[in-house]
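Below is one structure, written out as C-alpha cells; comments come after it.
Residue numbers (UniProt numbering): 1 to 178.
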C-alpha cells in the first residue's frame, strides 16, 4: 500500500536503525515480501528457498526497500537476545527440518515464539479468531476473518504481491456477488 511504501527505507537507512532482534520486511511491487531477523553486525537470518540462512542485510534486500515490522503482530515479543538465538539456532536447517511456510512465519516465530506460526501449529475448528484489516484509504477499510494465523499470513502475503488495486477489485466483485 502507499502508506506502507512511505515508511520503507533504503537498506543503508535501515541498517542505521536496526537493533538485534528486530523483524525486517523487504518489499517490491509484484513480489512476495521477504522477512528477516536482524542479528547484529549488519547480518540477518532468513528463510530463503527452503533453507535458513545468515547473510548481510544488504545482500538479502537485493536493493529492495525495507522497514522494521516489530509491531505488526499483537503478541508480546521475546527478549531481543532470545529472538536472535532462536534465529541463529536454525541457520543451516533445510527442507524437512523446516516447520515454517515462508520467511514471515519463520521471522515472527523467532520473535514471538508462538507455535501458531509453524505449519500445522493449530487446528482449524470452524471459529475465526484472527482478523486482517485491509486499509484502502483514511475512511475505507475492510476486515477479513480467518480460522488460523497461517491463513492470515498467506492472505496478507498474497495481497502484498498482487497489489492494492487488485485486492480492491477482488473485494468489490466478492461483495457484489453476495
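Positions of the beta carbon are idealized from the N, C-alpha and C atoms, including for glycine.
Given the structure is predicted, the values throughout are model-derived calculations rather than measurements.
Discussion item. Do residue 114 and residue 75 count as a contact pair if the criterion is CB distance below 8 Å?
Written reply: yes
Worksheet item: If you draw a straight line from the C-alpha of residue 169 to the C-alpha of residue 136, how long is it?
Response: 11 Å
Item to complete: Compute the Euclidean distance between the alpha carbons of residue 21 and residue 177, then round it to the nearest angstrom.
Response: 44 Å
Discussion item. According to DSSP, simplified to helix, strand and coil, what is residue 162?
Written reply: helix
Discussion item. Can you tell me whether residue 141 is buried or exposed? The criterion is at least 16 other CB atoms within 10 Å of its CB, across all chains shown.
Written reply: exposed
Worksheet entry | 4 or more residues per run - each alpha helix (DSSP H) lying fully within the UniProt domain "LRAT" (24 to 119) | 57 to 61, 80 to 89 and 103 to 112
Worksheet item: In angstroms, rounded to a whole number, what distance separates the CA positions of residue 4 and residue 162?
Response: Note that residue 4 scores 49 on pLDDT, short of 50, meaning its location in the model is unreliable; the coordinates nonetheless yield the value given after this. Roughly 15 Å between the two C-alpha positions.
Discussion item. Given this structure, state the Cα-to-Cα distance separating residue 159 from residue 80, to the nearest angstrom.
Written reply: 29 Å
Worksheet item: Which one or two residues does DSSP pair with residue 143 in a beta bridge?
Response: 133
Worksheet item: Who pairs with residue 9 in a beta bridge, going by DSSP?
Response: 66
Practice prompt. Could you have a look at residue 151 and say whether DSSP puts it in helix, strand or coil?
Written response: helix
Worksheet item: DSSP on residue 170, reduced to helix/strand/coil?
Response: helix
Discussion item. Using the three-state DSSP reduction, which class does residue 19 fall into: helix, strand or coil?
Written reply: coil
Worksheet item: Does DSSP put residue 127 in a helix, a strand or coil?
Response: coil
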